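Colleague:
Rendered as structure tokens:
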């Protein structure tokens, strides 16, 4: 035990880094284990869109949304989502698919929506990149935006 204390005293930066990494791993484990929303692949998302009155919320910024998006998707950027929840009140009991560019922002949006009382929240794994590039699913695009790029 004395050697552990000696190590910690001599290598306090390494010890602190170990503590931080351990904390972050435990936090990630609990977030994953207790999340109240599910993830679906783009193909399962299409099946959900075809089977029910599913709503698609795209949490990318408006300039990203204008370039390409899923047909009939509602664009509310992640930063504005908590303030715009009143607009989505009517969809609390219906399935809600959340999309972003790569799938990272949609996880944060999924947490916000489930905390707000939405019952069926699904995030699309891989986001619009997977939707468009990997699965080659249809999108609505603005040709003028693509020509400028």
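Numbering (the numbering used here), first residue to last: 1 to 149.
All C-beta atoms in this analysis are idealised placements derived from N, C-alpha and C, irrespective of residue type, glycine included.
Note that the coordinates shown come from a computational prediction; the quantities given were computed from them, not determined experimentally.
#1: By the three-class DSSP mapping on this structure, what secondary structure does residue 10 have?
#2: In this structure, how does DSSP classify residue 123 when only helix, strand and coil are distinguished?
#3: DSSP has residue 141 in a bridge; who is on the other side?
#4: Just to confirm, is the Cβ distance from residue 92 to residue 119 under 8 angstroms?
#5: With distance defined between alpha-carbon atoms, name the residue in 21, 14 and 136 nearest to residue 41.
#6: Please say whether residue 70 and residue 55 have beta carbons closer to each other than 8 angstroms?
#7: Residue 99 lies in the beta strand (DSSP E); which residues open and close that run?
#8: Given this structure, state the Cα-to-Cα distance separating residue 146 from residue 67, to the nearest angstrom.
#9: Would you kindly check if the distance between the Cβ of residue 124 and the Cβ of residue 98 is under 8 angstroms?
#10: Suppose the cutoff is 8 angstroms on Cβ atoms and the five residues either side in sequence are ignored; what does the same chain contact list for residue 134 look like?
#11: Go ahead and pull the three-state DSSP assignment for residue 54.
#12: Hey, could you find the ends of the alpha helix (DSSP H) residue 104 is sitting in?
#13: Exposed or buried, residue 65, counting other C-beta atoms within 10 Å across all chains shown (16 or more means buried)?
#14: Counting C-beta neighbours from all protein chains within 10 Å, is the total for residue 1 16 or more, i.e. buried, or is it exposed?
#15: Taking Cβ positions, are residue 48 and residue 114 nearer each other than 8 angstroms?
Modeller: Answer, in terms of the structure:
#1: helix
#2: In this structure, residue 123 counts as strand in the three-state DSSP scheme.
#3: 68
#4: yes
#5: 136
#6: No; because the gap between Cβ atoms is not below 8 angstroms, this pair is not in contact.
#7: Where residue 99 is concerned, the enclosing beta strand (DSSP E) stretches over 95 to 99.
#8: Bear in mind that a pLDDT of 46 at residue 146, under 50, signals an unreliable position, so the number given afterwards is only what the model happens to contain. One C-alpha to the other measures close to 7 angstroms.
#9: yes
#10: 42 and 126
#11: coil
#12: Segment 104 to 115, the alpha helix (DSSP H) holding residue 104.
#13: Label assigned to residue 65: buried.
#14: Taking all protein chains in view, the Cβ of residue 1 is surrounded by fewer than 16 other Cβ atoms within 10 Å, so the residue is classified as exposed.
#15: no
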